[in-house]
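Encoded as C-alpha cells, the structure appears first; notes follow it.
Residue numbers (my numbering): 23 to 644.
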C-alpha cells in the first residue's frame, strides 16, 4: 500500500492477504494520505531495512546477513554498518538463479497428481492425505469466485517435507549442488471450476516483474518469498541485538517462512486478480522419485542438445528419460530461443506425457507403482492444513486427460529491463486478470437469474442525497495513489469524503463497499459507479457512513493515473475504457506494467498454444 506512509510502526497484517476484509477487523484509526507521498508505480521504493538506515523510522537498521546462517553476536554487531551502505535489499546474496531451477519440474509433476486426483484412486488419495506435511496460519480464499485456485510453489531444499535431511546419494541425484536458495523459481496456479469439469495449470515465469509494494519495490516474482523472509529475519536479529536478548534463529526462521508465503500469495493474487484457495510447497526430491515411480516418461526434442550447465545431453527425437535425466531436460534454459518460456514449454509437454502415463490402466492397477507415487509425494509436498484431499478427489472424479491443459500467463516481453538493469519478463496485470477470467469462462457468470437480479437492483435504486453520506476511501492494495484518485472522483460525484488513506489489512483480494445497511441507496449506487463492487454489511458503521475498500485488482474509475472516467460515466465498470492503450495484445502502454518492456514477445501462437494432457503422440519441443 502506498497512499500514505506508515508512521506509527504498524506492520502489514499477518493474515490480511488474499481475502475480503471482514467488517469485524476494521479499525477506527484514521490514516491520512500525506500530500506528495504517493509515488508513481514505476518509482523505486526502499524496503523496510533500507528506510531504517536512512533514519526515517528511528529504529535500528536491518542486518544484511541472513539470519538463517550463524546468529552470533559479532555478525549481528557488524550488520548495522553493512545495512547502512545498502540502497535497497532484495534479499540475501544466495538468491541465485540456477540452483533451484529443478523445482520447476517437481511442481509440475505434483500438479499432475493433483489434477488427476479422482483417477488416482480414492483409497490411495486417502492414505496420501494422512501422510502429507501441513502448514497453518495462511489466510486463503473459499472458492467464492466459482473455482478452486491452487498455488504450487517450488522451494530449493535439501530436506524432505518432514524436515529430514536428504542423503548424499539423493543430493547427487538432484544434480543441483549442495547449497539451497530461497528463490521460488517455480510458481504454478491450478484453476479448477467448482464443478470439476476441467483443470488448467498455469505457469508464472520466475522473472515476471511486479510491484512488490512498499516493502520491496519493483521486484521479480521469484524473489518475493525469499526477500520478505530475509527482511523479517534481519529485523528480528536487529531487535534482539538492540535489546540484548537471545536470538531464537529456528523460531524466527519459521516465522520468516510464513511471512514469505503470505507475501507471495498476496502478490500473485494482485497479479492474477484471483484469490488463492489452497497452497502447496515442494522440494526437489519429488521430481526424481515420481519420474522413476512410473518407469520414466517419454519426451521428444526437435534438435539434439548438449548444454553443460543443466547437464542436458540428448539426441533429437523421442526418448524415455529416468528421474535424473528428466531433471536435466526440464532445467535447461540456456541456448533455447525463448529462454525460460521454452523451458516452461518443455516442462508442460513433459507433464502432459506424465499425466497420460499415470492415468493409464497399467499404472493405476499397479500397487507397487502407486506405493512409490505415494512415497514420493509424502516426502516432498507440504500443503495448507485446510485442504480436504478426498474432497478434491471427489470433485475431480470424472476429469479426463482431455480436460487437463497447461498454459502460461500472457507476457508483454521476455527481454525487459528492471529498475537496476536486470533482465526481466514484463507483464500487463490487466491482461493477466482477463486471462484468468477467461479460464473460468461461464462458470463465473452462469446464472441468468443472478444477472436479472443485478439488473433489477440497478433499476430499483431510489433517489438519495449524496452529500448526506460520509465516505472513507481506503487503499488495501499496493497501487500507488489509488485511494486519492478514487476519493477525488467520489467527492466530484457529490459525496462527502472525510477520509482517504490506507486500509489496515494489506492484500485484500477484492474491492468492496461497506455500509451499515446493504439496502442503503447511496452505498448501492456508489458501488455500481465504482465498477459493480460488492456491498458488504458492516454494523460498526453509523447510518450515513460508507467505507470503500480498494484492492490491488480494482479496475473501476481512477484505477490508473491516466484514467479519464468519472462516476457519472455509463462505462464506469468497464476497465477497457481507461486511456491506457490497447492491452489486449500486450502492445499498449499500461501504467500498471513495471519495468521497461523489451522487443522480444512470447513467440508465435503455436508457441503459446495450450498443451493438452491427452495428446496421443509425444509433443516435440525445442
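Glycine residues also receive a C-beta, built at the ideal position from the N, C-alpha and C atoms.
Nothing here was measured: the structure is a model prediction, and the numbers come from that model.
Identity of the residues DSSP links to residue i by a beta bridge
i           : result
residue 304 : 176 and 403
residue 559 : 537
residue 621 : The partner list for residue 621 (beta bridge, DSSP) is empty, contrary to what the question assumes.
residue 634 : 427
residue 213 : 171 and 222
residue 435 : 448
residue 334 : 329
residue 240 : 233
residue 643 : 323
residue 155 : 404
residue 367 : Per DSSP, none; premise fails for residue 367.
residue 181 : 187
DSSP-derived helix/strand/coil call for residue i
i           : result
residue 339 : strand
residue 576 : coil
residue 615 : coil
residue 586 : coil
residue 388 : coil
residue 206 : coil
residue 187 : strand
residue 372 : helix
residue 166 : coil
residue 567 : strand
residue 581 : coil
residue 543 : helix
residue 460 : helix
residue 361 : coil
residue 455 : helix
residue 245 : helix
residue 346 : helix
residue 228 : coil
residue 197 : coil
residue 548 : helix
residue 395 : helix
residue 355 : coil
Between the CA atoms of residue j and residue i - distance to the nearest angstrom
i           : j           : result
residue 284 : residue 189 : 31 Å
residue 319 : residue 344 : 7 Å
residue 639 : residue 378 : 10 Å
residue 275 : residue 565 : 46 Å
residue 154 : residue 301 : 13 Å
residue 405 : residue 170 : 15 Å
residue 522 : residue 507 : 10 Å
residue 242 : residue 446 : 7 Å
residue 305 : residue 402 : 5 Å
residue 325 : residue 365 : 14 Å
residue 560 : residue 550 : 18 Å
residue 546 : residue 361 : 49 Å
residue 249 : residue 175 : 15 Å
residue 450 : residue 161 : 26 Å
residue 281 : residue 247 : 8 Å
residue 588 : residue 580 : 8 Å
residue 187 : residue 359 : 37 Å
residue 288 : residue 497 : 14 Å
residue 492 : residue 499 : 22 Å
residue 557 : residue 534 : 6 Å
residue 178 : residue 486 : 58 Å
residue 395 : residue 214 : 23 Å
residue 329 : residue 354 : 7 Å
residue 376 : residue 444 : 35 Å
residue 298 : residue 342 : 35 Å
residue 476 : residue 273 : Model confidence at residue 476 stands at a pLDDT of 41, short of 50, so the residue's coordinates are unreliable; what they give is reported in the following sentence. Near 50 Å, if we compare the C-alpha coordinates of residue 273 and residue 476.
residue 222 : residue 290 : 16 Å
residue 622 : residue 438 : 8 Å
residue 269 : residue 261 : 9 Å
residue 370 : residue 435 : 20 Å
Test: residue i CB closer than 8 Å to a CB of chain C
i           : result
residue 401 : Among the protein chains of the structure shown there is no chain C, as only one such chain exists.
- Counting only runs of 4+ residues fully inside the stretch 476–536, write out the alpha helix (DSSP H) ranges in chain order. You should have 504–514.
- Message: Quick check for students: name the residue ranges of the alpha helix (DSSP H) that lie wholly in the stretch 252–325, counting only runs of 4 or more.
- Response: Listed in chain order, the complete alpha helix (DSSP H) runs (minimum 4 residues) inside the stretch 252–325 are 271–294 and 307–315.
- Query: Is it a yes or a no for the stretch 425–444 touching the stretch 221–237, going by three-plus beta-carbon pairs under 8 Å?
  - Reply: The stretch 425–444, when compared against the stretch 221–237, does touch it at the 8 Å Cβ threshold.
- Decide yes or no for the touch test of the stretch 279–295 against the stretch 572–590: beta carbon pairs closer than 8 Å, at least 3 of them. Touching, yes, given that three or more Cβ pairs across the two stretches are closer than 8 Å.
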